[in-house]
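In terms of full-length UniProt numbering, the numbers along the sequence shown are unbroken and rise by one, the last being 374. Glycine included, every Cβ here is placed at the ideal spot set by N, Cα and C.
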Amino acid sequence: MNRVPPALRSYARQSVGSAPQPPSGDGSYEMCARPAFLIGIFAAILFLPTTVMAQLPGQRYGEVVPRDVREMYERGLKYLAQTQDTGGDWKTSSHQGPGVTGMAVMAFLASGEDPNFGQYAGNIRKGLQAVIRGQDANTGYFGNSMYHHGFATLALAEAYGTVDDREWVGEDMRSLAESLELAVRASLTSQQDNPFGAWRYSPEAQDADTSVSGAVLVSLLAARNAGIEVPDKAIDRAIGYFTSMTSDGGQVGYSGGMGGMGDSLARSSIASLVYSVARRKDLPKYKATVQYLTSNLEQTPRNWPEYTRYYQAQALFQGDVESWEKWNTGLVRQLKTIQQTDGSFKGQLGPAADTSLSLLAMALNFRFLPIYER
């Protein structure tokens, strides 16, 4: 497979994706035009000989990734490629929409496969186009819940500066930058009207929960890392919500205060991840979540295991690499037992979402997505 090393991908993100200009008088953002010659430079660099590319720092090629991980991942990608519909979506169960499509797109991107010329470039392009077509042109909102909105926005942020969208941008199709900025604006508008400074299922919600808020906040952090303007105040408010929901022992409540935490593995993973990606590792609450997660490496999620493992992988990788390596060994062993003969993974959310989340939990072995960088 044609893999794109992190060093090159990071260069592309800096060169191809122009940072937005400050808000104009009406509160909207204006994008600088992308310099065409820089896109050409990026395309040329992609075709450097393998011997040259192998000398770049920070790479993780297939030969150093466990063989069983590579084989499982490739079977999963083939399943996703074969089940994508002509419109670019995955409609294999009741759990479908721009968020699930975004998950699948990220699974392709996370493998390191060249998103513009690799064997899955067409799947990535169709998936991103489907996500953009599903966006409300006025509000910037994706799908029918902020879950979908968060994961769809995250996919755009991870693709921005990496995927060349010039051929399919036109009157009927927004660019990645335009769609991402609209999505960020929708998230910020929803937060501004929320008394908790966070998010719930509806963009107009007046309450919040840590699960939905995690999906949206991670997408905002990824968008900011990609060069999109996200005010510090917005990040601070959201982090404040998470700290208010995190106990001194590292357990995290769901909604409505600290009571009734129950199985906190997924929520503690979400909180730990947002603290780390927001660069708040100095917070005592962050350290508490890491301690909670590393003390519960053997714990099996009771509900939504695919969703839990997706966040758990990232949180452990960010917080304690040695613990992640130990946990990852068990993850691979476990995923082997639930991967089906067609390459999909069996779970509770339907084959498209379950397969995408399972692949993304393994994707730390490749370390290509920007959000996976430590």
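Residues bridged to residue 345 by DSSP?
339
Can you tell me whether DSSP reads residue 135 as helix, strand or coil?
strand
List the residues that DSSP assigns as beta-bridge partners of residue 246.
252
Within a Cβ cutoff of 6 Å, which residues of the same chain sit near residue 150, ignoring the five residues on either side of it in sequence?
215, 216, 219
Can you grab the Cα-Cα spacing for the pair residue 209 / residue 265, in whole Å?
15 Å
If you check the beta carbons only, do residue 141 and residue 203 fall under 9 Å apart?
For residue 141 and residue 203, yes; Cβs fall inside 9 Å.
Any idea if residue 353 is buried or exposed, counting beta-carbon neighbours within 10 angstroms, 16 or more meaning buried?
buried
Compute the Euclidean distance between the alpha carbons of residue 199 and residue 238, then round it to the nearest angstrom.
Each residue's CA atom was taken as its position, placing residue 199 and residue 238 some 9 Å apart.
What's the call for residue 164, buried or exposed, on a 16-neighbour Cβ count within 10 Å?
buried
Are residue 153 and residue 184 touching if we call contact CB-CB under 9 Å?
yes
Does the Cβ of residue 100 have 16 or more other Cβ atoms within 10 Å, making it buried, or fewer, making it exposed?
buried
Can you tell which of 345, 282, 279 has the C-alpha that lies nearest to the C-alpha of residue 309?
345
Name, in chain order, the residues that DSSP records as bridge partners for residue 146.
DSSP output for residue 146 lists no bridge partner at all.
Name the one or two DSSP bridge partners that residue 170 has.
According to the DSSP secondary-structure assignment, residue 170 is paired through a beta bridge with 173.
Using 9 Å as the threshold, is the C-beta distance between residue 120 and residue 362 below it?
Not closer than 9 Å, so no.
Kindly indicate the opening and closing residues of the alpha helix (DSSP H) around residue 214.
Residue 214: member of the alpha helix (DSSP H) spanning 210–225, first to last residue.
Where does residue 122 land, buried or exposed, given buried means 16+ other C-beta within 10 angstroms?
exposed
Quick check on residue 375: does DSSP put it in helix, strand or coil?
What the structure shows of the chain is the stretch from 1 to 374, and residue 375 is not part of that stretch, so it cannot be assessed.
Please return the same chain residues whose Cβ sits closer than 6 Å to the Cβ of residue 385, not counting the five positions on each side in sequence.
With the chain running from 1 to 374 in the structure shown, residue 385 is simply not present.
By Cβ distance below 6 Å, which residues in the same chain neighbour residue 87 in space, the five residues on each side in sequence not counted?
130
Which two residues bound the contiguous alpha helix (DSSP H) that contains residue 264?
No alpha helix (DSSP H) holds residue 264; DSSP gives it neither H nor E.
Where does residue 310 fall in DSSP's three states?
helix
Between which two residues does the alpha helix (DSSP H) containing residue 354 stretch?
351–362
I'd like the span of the alpha helix (DSSP H) that includes residue 68, first residue to last.
67–83
Mapping DSSP to helix, strand and coil, what is residue 365?
helix
Taking 8 Å as the cut-off, does the segment 298–306 touch the segment 334–349 (at least 3 CB pairs, one atom from each stretch)?
Between the segment 334–349 and the segment 298–306, the count of C-beta pairs closer than 8 Å reaches three or more; the two stretches touch.
Considering only residues of the same chain and omitting the five flanking positions on each side of residue 318, which have a CB-CB separation below 8 Å?
272, 273, 276, 277, 374
Under 9 Å between the Cβ atoms of residue 211 and residue 147?
Yes. Within cutoff.
Give me the Cα-Cα distance between residue 83 and residue 127, rounded to the nearest whole angstrom.
C-alpha separation (whole angstroms): 12 Å.
Given that a residue counts as buried once 16 or more other Cβ atoms are within 10 Å of its Cβ, and exposed if not, what is residue 187?
buried
Span of the alpha helix (DSSP H) holding residue 86?
Note, residue 86: premise wrong, no alpha helix (DSSP H); not H, not E.
Rounded to the nearest angstrom, what separates residue 242 and residue 337 at their Cα positions?
34 Å
Using the Cα positions of residue 366 and residue 222, report the straight-line distance between them to the nearest angstrom.
So the two alpha carbons sit approximately 18 Å from each other.
Sort 109, 166, 286 by Cα distance to residue 356 and report the nearest one.
If we check each option's Cα against that of residue 356, 109 comes out closest.
Kindly indicate which three-state DSSP category residue 281 falls into: helix, strand or coil?
coil
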